[in-house]
Amino acid sequence: MNMKYNTVLLLLCVIFTCNEALLSQTEQIEAVQLCANQTGIAPKSIAKLTRKLSVPKNDPAVKTFLVCVYKYVGLQDQNGNMNFQKIREQLKNDFFKYDTDTVVDTCSGVKGITHEDNAYLVTQCLLKQIRKLSNKNNKN
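Listed below in structure tokens is the structure:
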């Protein structure tokens, strides 16, 4: 995998921390594979998340996949609430080049009704902010 793909995979799947410790790349891949197998998400949906910075619409498996990954790594609690502090900390620890606070602060008010909607809407928001910052940086 190339560096850009790894960065986006880490960000979009939000495989950041587990019990305050960073997951190794092997553990991250295992989490994605486990959740992909459990949810039946199509490989093309994962590719859309990671390569196009886009959340596939009308795909219940995507929402279930996101919840599975987020709960597995501790970014979504059993009540469906996102842990934005962990997201912020991990983004700062990784090789994320954009303004982490802006991305996280903009999305921290996003809340869905169900666990799945919450994971989906937060991911959608994060990707939108990242695309916006990426486009802005590419113009400079």
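Letter by letter, the sequence shown follows residues -21 to -1, 1 to 119 in mature numbering (1 follows the signal peptide of the UniProt record, and there is no 0).
Backbone N, C-alpha and C fix where the C-beta goes; we use that ideal spot for every residue, glycine too.
Around the beta carbon of Thr29, 16 or more other beta carbons sit within 10 angstroms, so the residue counts as buried. Contact annotation: Lys42 and Leu54 have beta-carbon atoms that are not nearer than 8 Å. Here Gln55 carries a strand assignment [DSSP, helix/strand/coil]. Take Thr81, set aside five residues on each side of it, and the residues of its chain with a beta-carbon closer than 8 Å to its own are Gln108, Leu112, in chain order. With distances taken between CA atoms, Ala98 lies nearest to Asn58 out of Asn58, Lys118, Ala21.
Non-local C-beta neighbours of Cys47 in its own chain, meaning closer than 7 Å and more than five positions away in sequence, comprise Cys14, Gln17, Thr18, ordered along the chain. Take Thr5, set aside five residues on each side of it, and no residue of its chain has a beta-carbon closer than 6 Å to its own.
Taking the Cβ atoms as the reference, Pro35 lies roughly 5 Å from Ser24, within the contact range of under 8 Å. Taking 8 Å as the cut-off, the beta carbon of Gly91 is found no closer than this to the beta carbon of Leu105. Taking all protein chains in view, the Cβ of Thr102 is crowded by 16 or more other Cβ atoms within 10 Å, so the residue is classified as buried.
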